[in-house]
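There are 4 protein chains.
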Amino acid sequence: MAASEAVTDALRELHARYAGVRGGRRADYIPQLARSDPDAFGIALVSMDGHCYSAGAADAAFTLQSVSKPFVYALALSTLGLDEVSRWVGAEPSGEAFNAISLEPRTGRPANAMVNAGAIVTTALVPDRAAVPAFTAVLSCLSRFAGRRLDVDEDVYRSEASTGDRNRALAYLLRSTGTLPVDPVAAVDTYFRQCAVRATAVDLAVMAATLAHGGVNPVTGETVVSTEVAAQVLSVMATCGMYDASGEWLLRVGLPAKSGVSGGLIAAGPARFGLATYSTPLDAAGTSVRGSAAIGALSERLGLHLMRNPALPGSTVTLVTTADVLPSAPSGRRERALRERVGVVAAQGALDCTAAERVLYALDETGPERAGAVVLDLREVTGADSVALALLHAGLARLAQDGRRAAVVDPGDRLGPPDLVRERTGQDLPRFGSREEAVERCAQAVAGPG
Amino acid sequence: MAASEAVTDALRELHARYAGVRGGRRADYIPQLARSDPDAFGIALVSMDGHCYSAGAADAAFTLQSVSKPFVYALALSTLGLDEVSRWVGAEPSGEAFNAISLEPRTGRPANAMVNAGAIVTTALVPDRAAVPAFTAVLSCLSRFAGRRLDVDEDVYRSEASTGDRNRALAYLLRSTGTLPVDPVAAVDTYFRQCAVRATAVDLAVMAATLAHGGVNPVTGETVVSTEVAAQVLSVMATCGMYDASGEWLLRVGLPAKSGVSGGLIAAGPARFGLATYSTPLDAAGTSVRGSAAIGALSERLGLHLMRNPALPGSTVTLVTTADVLPSAPSGRRERALRERVGVVAAQGALDCTAAERVLYALDETGPERAGAVVLDLREVTGADSVALALLHAGLARLAQDGRRAAVVDPGDRLGPPDLVRERTGQDLPRFGSREEAVERCAQAVAGPG
Amino acid sequence: MAASEAVTDALRELHARYAGVRGGRRADYIPQLARSDPDAFGIALVSMDGHCYSAGAADAAFTLQSVSKPFVYALALSTLGLDEVSRWVGAEPSGEAFNAISLEPRTGRPANAMVNAGAIVTTALVPDRAAVPAFTAVLSCLSRFAGRRLDVDEDVYRSEASTGDRNRALAYLLRSTGTLPVDPVAAVDTYFRQCAVRATAVDLAVMAATLAHGGVNPVTGETVVSTEVAAQVLSVMATCGMYDASGEWLLRVGLPAKSGVSGGLIAAGPARFGLATYSTPLDAAGTSVRGSAAIGALSERLGLHLMRNPALPGSTVTLVTTADVLPSAPSGRRERALRERVGVVAAQGALDCTAAERVLYALDETGPERAGAVVLDLREVTGADSVALALLHAGLARLAQDGRRAAVVDPGDRLGPPDLVRERTGQDLPRFGSREEAVERCAQAVAGPG
Amino acid sequence: MAASEAVTDALRELHARYAGVRGGRRADYIPQLARSDPDAFGIALVSMDGHCYSAGAADAAFTLQSVSKPFVYALALSTLGLDEVSRWVGAEPSGEAFNAISLEPRTGRPANAMVNAGAIVTTALVPDRAAVPAFTAVLSCLSRFAGRRLDVDEDVYRSEASTGDRNRALAYLLRSTGTLPVDPVAAVDTYFRQCAVRATAVDLAVMAATLAHGGVNPVTGETVVSTEVAAQVLSVMATCGMYDASGEWLLRVGLPAKSGVSGGLIAAGPARFGLATYSTPLDAAGTSVRGSAAIGALSERLGLHLMRNPALPGSTVTLVTTADVLPSAPSGRRERALRERVGVVAAQGALDCTAAERVLYALDETGPERAGAVVLDLREVTGADSVALALLHAGLARLAQDGRRAAVVDPGDRLGPPDLVRERTGQDLPRFGSREEAVERCAQAVAGPG
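Protein chains in written order, with full-length UniProt numbering: chain A, 1 to 450; chain B, 1 to 450; chain C, 1 to 450; chain D, 1 to 450.
Given below as structure tokens:
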């Protein structure tokens, strides 16, 4: 490691900057949290390729507490689907604290799966099966998110269980409104165990990275949940993950996140990174003071804010004058005609819907008054998603209906298998290996037999 | 227009699909809304290049109502900055209806600028100036977002004013808690005028596109607000824009959005598109029924959900074996040595922090055991943002500290001006025009004078 | 004055006991209250005969503020009746502070007329009439309750008006829910004037005594409101008069009461006394600290708690053995027969329903096995209300149906006019001037012609 | 029974009037209530002498449910005192429904002992003792209120226990805020048993009469709780007993009351009657529809409204001119002198503080300008409470200090034991057996040796 040590350096620098911050108070409702080391401070970052970076006490183990909530929500969504899960728990920020005793007036559902009431319901949705008790399924799921076998801190579990009257109250309240499908005592017991699962900041960063990576653990390569479920979980984290400070967090930090009372904090930059910190002193909203500062600074530094306009599109689309294509000696009438009658559009990079629209618009700009035919050069395109392909196919079909002649330079079949292209565009689109050849042929076709 | 007509086709198809939907009720608190055409239905989409697409009644004019809120919030943020604006209005979803009579318990602030109380405060933050009364500033700002001069529907304004007692109540309540900096009557009057500004679905799509485009109107090219302000506004729209249905909306549709009681609805895909619809029948949360369905479907179809893992990264990073670089005839000992001692990393596309980390990690993978020197080929890089550059510079500096030799193939100076690179990397990094040349030189250097 | 000076002494003693109490804070939202003398402390008591007693600064004038609310509620009830007033304002304790911004969910009404929202509505219910603007009616009503012409402290009125944004907010909110029948600005202006009406602790005690005295001012003798309205107002004071401390107040002090922010406090012992105090430092619930202590002690000392079982009934009912009635020498068979066949029931004092039931029960206890006839002796009855009379008549009718012979000793016609008695009892009830005569005649009748 | 049958007739008439009312719905959360006879309707009334009257199904047994709450509150108050009980449960109307999940923000206490949360705490305050488990104490207390041994409907208890999740939620919530002193499961179990205690409308009327009678069961004569505790319980019933309809109830009916979900309803007229009804269909506030109508009508008919000014005071005070006292032939100078120099005040009936003040005021009205001496005639006084005596003693002491001569006609020692009178008045007050004698002696004393 040498070059990528620069990433670790960035984490170390943030660690140094915030390690001395003294604000916040440790949770003290159970002795294990009250006794936790207030100076321990770890930061971890995991990339979509599964590269792990960390600084400070990133390998110190602590209990997940509320950080477990989005992952068990993911498990419930995977098992039952969004529609069924939504019958039991909502997805609205409640404007209330994490342990608020309130349910949605009309439905009796908890507002969302990030507050305790909603998390208890979510855990209760994981069924006990003959061979697999609910908690085994929960632990297995958390472990797959982390990429290693996690375990339970039995001491913390017992403490939670002995002080968990408010959560029991929530469970009985849910049961009484018909929004808890199982026995309240059992549901809360499983929930306490889930909260007492032990992990490190690095584990948390891997878990967050798995959500950011569309549900595929970037370290193990395992598909833990579907892309759709990962997106659903990130959405709820974005609006509800930081309880009644969620709006301010999205405004300032710009990432889906989840805090826990034991000092853990995760954030996910979709398709970018999983981030996590560990530091036990909490602010009034129950968020780790140092963790919040460090992740905020990291988001700022890496430009991860979801709403910041990325400076660079992943693709470029160029209108190429035929002059640039054809031999540099435009000697006669024929060359001039060619230049007037054949347009060239070249795309480069990765094509999504945005890029596809640009391509189509550029094809139109080489319209009839300028060119009788158009060549779409896709040689430098590195990939295209299905949305982009569908749009390109539809655009090329439209061109054909309009009587315009088109050809593609697409040796790598970026436009998709010829059969699909034929079906979608309604024609046998001429394909060429080089731009020059394509222009020549189009020019001849346009010029006609003369 | 022919190829890009495919985009319009997509809008037309959605229009056809939802035009027949019959649910919802028009607002009826003023006669103009009660009399509005319940069948009028328009959809518009504007790209980051300013291309406009639309279907149905996209040119029908209606009053902005609450759709004006994010834009006036943007004006206040531009004028006063986030910190000052945050003294007066929060950024938290309230879990309550748009016209809730409630302020934050501790601060007395409205929860956010998307509910009426917060919007009235926001409008009140726009100062009356000698030459420019507050409303003139508001109208001018809205017009610049739309890219054309908007006007006020005086009839609607008068109706709003005559039925606006609840908003007056909010203004007096705010004044009484010290969270309204101006006269309540004047503030509400300006607010009523703002709500009565008239625009079309196409105007709304341009306004949304301006936010999605970092504050620059993609049609006029005018910078209306800063990139930072645009991101702030989109963040608050993401958590609060759809009132007490905001969480569900982000979960299902995945875009910052804002609804209005007159049937307008906007959504913004950052760096992708601005979307807008117009249809007056509203659901229980006050959102246009057809608009909600159409924008949801559009987001699904175009893959705009913020939390969906984009299928394609905007860049690729490749470890290239030296064999692919050097002449195809690997005849002697020297060639073998070269292949073992010089690694090549090639990057392609647009580099952001994610891609930069990948580059650094790849440089390390060509580490000492494999290569004594490393060549970074940036010829096919189409751009790099400042975060990526800083990370690359830091990584190259690290390599040098580690005693590894590096060179770049960077005829386009993608790595930044040589002076900056020298300063950041602490060395005169050898730059070459072709990969072959770079490898040759590195190999010689590594091999030493023998 | 000498004997009744003992009452004044009791007030002086309480004054001395609490004058030194230092807790509480003056209201400071307007300068006039912030500058008020925190040491001024007055106590006043007015009896049902209009006798006034006082101690300390009982003649210091101050503004009524919320103490005006029950009296204007009385005016509204007098003008419109309970049913109509209840359409606009409820009678439920709200569990909230005096200036809470909340209305009943289902009806949009303010919870009750003692909180600001309800008081504003109540004031608004007093109509402007051609000759009598609403405020003139209000001032006239307050003056009749006080028994002298009150006036407005114009300085305080102006200060209230200039800081009254929260009340304006309430008025507009009410207007917006359709629960304010007039213009909000006018309603609040009248309300501010009403709050600024000036009175002394003695005035307040007269006002409270008027409510306690069934609506008749015991000093002037004027009927200000009906007995029914007075009872309605006292009822609402009992449950809502002390805002969110009303329950605790009724529990500890046991009297309908009303506090005001300017330091006034009234309490009413129905058919007993009107009480009032003045002292400006307030507790957290907005009640005068010294006033609360003094009235609590006074209630304790005078035994005014509504729920304390009065030690003494206002009437006695005695079963008299005939032996006590007839000549002391019961020599023969005839006397013994008399004693066995004629029962005597004697009542004394004031008869209400409770006493009437006792009389009837006693009549039955002189039943067939004991006496063939019964004599009801009402000579020492001082009065009987209509409820008691109706019950007595019904009981005597029942006796007759049962075939028992009855007679009354009622020289004062306590049983009501003979015609009414005949109609109600269905018989010509024998009436006698003396008990002996009645017993003799009954005995003869029972014994028969033998 | 014959005469007092008139009382029963009144109940029968109300029964007939309301038996046909069809509104309301039976509770259906447990099968026993859902199956109850909706037509069963009983009314009962018990006097302060323990006379019982009833009509309809007044002997049908049903479970107490919430009607048990005030009585167990009385038990807790008796055991621990108001101050200790108030640490655990408040006395404020909450403005919320009976089963609201909310505690006082500052203290975490339930608002009052009439809502479920407060009732569970109240029950929990009854301690388990070695020999007497808590429920045994509860059942014993309820039985003493009823005057007979009550029992538990075990079926209902089991049903309550199996559907009582909301109450368990409340218990755990209380436990979590530190406001439940015992195990939640045990507390709720005892509470369910308490709710399932079985009684009849007649039992309920006896229980209510015991509260109205200062804690002494008027049928058995047993002192169940102290006068003070009875008053405390009635106070809380007055403000909180009918949940969020308590204010309206006190306004319209004017009596402390308590409703139960099983159709029971009690009301207490302090020192008047205990009332109860049974009919299972309930209104929206959970009150028996027929019960509410019948008790409202009964209060109206018997004039029991607490705030209605009783038409008749229990006492009269008369200024008697000496002319009425002395021999009818006022022949000479001496008689004239007497008439001018000796005043006579005669009181009659029961003396409370109100009457005592009247007496003192009357003594003053026979002031120096009219009379040199005053005679207070107490022969027709039937009793005087301690407050009245203290006031009379203080007034007579004052008179003496003022140099006025006084004498009392008090053969029955209504003024208290001579020693106490001497101590309090500071003199040996001359006492006489007849008015004439007293006037004569006073006149001689005033006239002096001439």
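Virtual Cβ for every residue (Gly too), placed ideally from N, Cα, C.
Since we're looking at a predicted model, the values are computed, not measured.
Span of the beta strand (DSSP E), counted from its first residue to its last, around residue i
i, result
"L351 of chain D", "342-351"
"V197 of chain A", "197-199"
"F273 of chain B", "273-278"
"R405 of chain B", "405-409"
"S259 of chain D", "257-259"
Cutoff 7 angstroms: residue i Cβ touching any chain D Cβ
i, result
"C353 of chain C", "yes"
"V197 of chain C", "no"
Interface flag, residue i vs chain C, CB-CB below 7 angstroms
i, result
"L173 of chain B", "yes"
"R166 of chain D", "no"
"S176 of chain B", "yes"
"V7 of chain D", "yes"
"I101 of chain B", "yes"
"S4 of chain D", "yes"
"E365 of chain D", "no"
Chain B within 7 angstroms of residue i, Cβ atoms only
i, result
"A311 of chain A", "Reliability fails at A311 of chain A, whose pLDDT of 47 lies under 50, so the model's placement of it is uncertain and no value is given."
"Q427 of chain A", "no"
"E84 of chain A", "no"
"A231 of chain A", "yes"
"G349 of chain A", "yes"
Element boundaries [alpha helix (DSSP H), containing residue i]
i, result
"A294 of chain D", "289-302"
"E5 of chain B", "5-19"
"D165 of chain B", "165-176"
"V387 of chain B", "386-401"
"Y73 of chain A", "69-80"
CB contact check: residue i to chain A, cutoff 7 angstroms
i, result
"G303 of chain B", "yes"
"G296 of chain D", "no"
Proximity of residue i and residue j at Cβ, strictly below 7 angstroms
i, j, result
"D153 of chain D", "T63 of chain D", "yes"
"Y18 of chain A", "A294 of chain A", "yes"
"A268 of chain D", "L250 of chain D", "no"
"V344 of chain C", "V317 of chain C", "no"
For residue j and residue i, believed in contact at Cβ under 8 angstroms, the rounded distance
i, j, result
"L234 of chain D", "M307 of chain C", "4 angstroms"
"D59 of chain A", "T200 of chain A", "5 angstroms"
"residue 519 of chain B", "L275 of chain B", "Lying outside 1 to 450, the shown extent of chain B, residue 519 of chain B is not represented and no answer is given."
Tell me which residues of the region 45-58 of chain B have at least one Cβ-Cβ distance to chain A shorter than 8 angstroms, keeping chain order. S47, M48, D49, H51
**Proximal residues, the region 183-194 of chain A versus chain D, C-beta separation under 9 angstroms** = Using a CB distance below 9 angstroms, the part of the region 183-194 of chain A facing chain D consists of P184, ordered along the chain.
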